[in-house]
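Residue numbers (this note's numbering): 78 to 255.
In this text, a Cβ means the ideal position worked out from N, Cα and C, and glycines have one as well.
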Ligand SMILES: Cc1cc2nc3c(=O)[nH]c(=O)nc-3n(C[C@H](O)[C@H](O)[C@H](O)COP(=O)(O)O)c2cc1C
């Protein structure tokens with residue numbers, strides 16, 4: 078089926094339209110945490126992606142403009158906290174710069190010495206494997222040392238909005254003849 082595009086933009090000239098177009102790709106929402114020296118750092122991230130099962134590798138990227146950028150440049154371990162569908166408030170909390178983001182939050186120290194947030198859908202404790210410059214972001218590749226899943230539904234982010242996952246009615250319907 079042919080359709081008329083909403084936008085057909087040069088991404089370099091129209092970054093906001095580029096961003097809208099990227100929003101058509103749904104993601105989960107994570108909070109990446111680390112401990113650098115005595116300081117706990119964390120930010121909301123939806124650039125998280127799996128890379129490889131064997132070896133177990135993931136990636137995410139951080140903007141150079143983030144307050145915690147310098148800390149993550151030197152952190153050799155971090156945890157990817159996958160938010161559950163009742164944790165929009167945590168996404169908003171870690172999506173803002175500010176001091177003491179962990180004060181009055183419920184969290185425990187993971188085995189790799191980085192914070193694990195309570196109530197998440199899953200978490201991945203990682204060691205830093207490699208990094209790559211990507212424009213105004215740094216792409217960090219992590220080797221997963223520990224993967225923990227909980228019986229909770231995942232928070233989604235698509236088209237610039239938080240979403241809840243539900244089964245698609247077409248999931249179990251045989252493919253229609255074309
Ligand atoms: C849903 C969502 C996804 C985000 N994804 C990323 C991301 O992948 N990388 C990034 O650098 N910032 C991302 N951000 C923005 C950061 O969370 C935000 O800039 C935050 O203030 C950074 O914290 P800091 O300044 O304390 O480091 C995202 C924000 C939201 C709400």
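Relative to the C-alpha of residue i, which candidate in the options has its C-alpha closest?
i           : options               : result
residue 185 : 195, 219, 239 and 176 : 195
residue 217 : 245, 139 and 226      : 139
residue 127 : 160, 181 and 104      : 104
residue 120 : 136, 146 and 132      : 146
residue 190 : 251, 123, 223 and 89  : 223
residue 49  : 227, 82, 174 and 219  : Any property of residue 49 remains undetermined from this structure, which presents the chain solely from 78 to 255.
residue 228 : 181, 199, 133 and 173 : 199
residue 144 : 106, 93, 79 and 176   : 176
residue 172 : 89, 205 and 118       : 118
Which of helix, strand or coil does DSSP assign to residue i?
i           : result
residue 250 : coil
residue 171 : helix
residue 92  : helix
residue 149 : helix
residue 83  : coil
residue 182 : coil
residue 229 : coil
residue 130 : coil
Ends of the beta strand (DSSP E) at residue i?
i           : result
residue 112 : 107-113
residue 155 : 154-159
Give a single yes or no on whether residue i has its beta carbon closer than 6 Å to a heavy atom of ligand 3.
i           : result
residue 145 : What this structure holds is ligand 1, not ligand 3.
Three CB pairs or more closer than 8 Å across the region 206-218 and the region 172-185: Put simply, the region 206-218 does not touch the region 172-185. Fewer than three CB pairs are less than 8 Å apart.
Cβ pair count under 8 Å reaching 3, the region 108-119 against the region 134-154: Short answer: they touch.
Three or more C-beta pairs below 8 Å linking the region 93-103 and the region 159-178: In short, these stretches do not touch, since the Cβ pair count stays below three.
Cβ contact (3+ pairs, closer than 8 Å) linking the region 162-179 and the region 226-235: Judged by Cβ distances under 8 Å, the region 162-179 makes contact with the region 226-235, as three or more pairs qualify.
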